[in-house]
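In the numbering used here, the protein residues as written are 170 to 292. Using N, Cα and C, we set each Cβ at its ideal position, and we do this for glycine too.
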């Protein structure tokens, strides 16, 4: 089976945390948001009206303020801030005004509602 990287919203992060009771759940996810803060080895993305997510960046991460980015990473605890994502890779989607985030939200919600259509079953 190939590595599955489900698309998530901030509210879904808890389901992909490594402490989750289900050992077959991956903690690698995809997340779309606008870069709203860069602070050394961390960044914050705002995910539409769904809230912010703190990112732990790789040394070679090249995020730009105000850009829409898709993050592939592992759900982890961020000291003093709850759950966040340790970045494995990022993709620049350009200007946030060019993306209808509501469509993205609807797709993400559909993939979680109908998991068997979108993801292989855990063995």
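Could you say which of 288, 273, 244, 281 lies nearest to residue 202 if we only look at CA atoms? Ranking the options by Cα distance to residue 202, first place goes to 273.
How about residue 195 and residue 225: are their beta carbons less than 8 angstroms apart? No, the Cβ-Cβ distance between residue 195 and residue 225 is not below 8 angstroms.
Please state if the CB of residue 181 and the CB of residue 281 are separated by a distance shorter than 8 angstroms. Annotated as proximal: residue 281 and residue 181, with beta-carbon spacing under 8 angstroms.
Under 8 angstroms between C-beta atoms of residue 236 and residue 254: 8 angstroms or more divides the Cβ of residue 236 from the Cβ of residue 254.
Whole angstroms are fine: how far does the CA of residue 247 sit from the CA of residue 198? If I take the Cα positions, the gap works out to 16 angstroms.
Fully enclosed by the stretch 219-268, which beta strand (DSSP E) runs are 3 residues long or longer? Every beta strand (DSSP E) stretch that sits fully inside the stretch 219-268 and reaches 3 residues is listed by chain position as 221-225, 237-247, 251-263.
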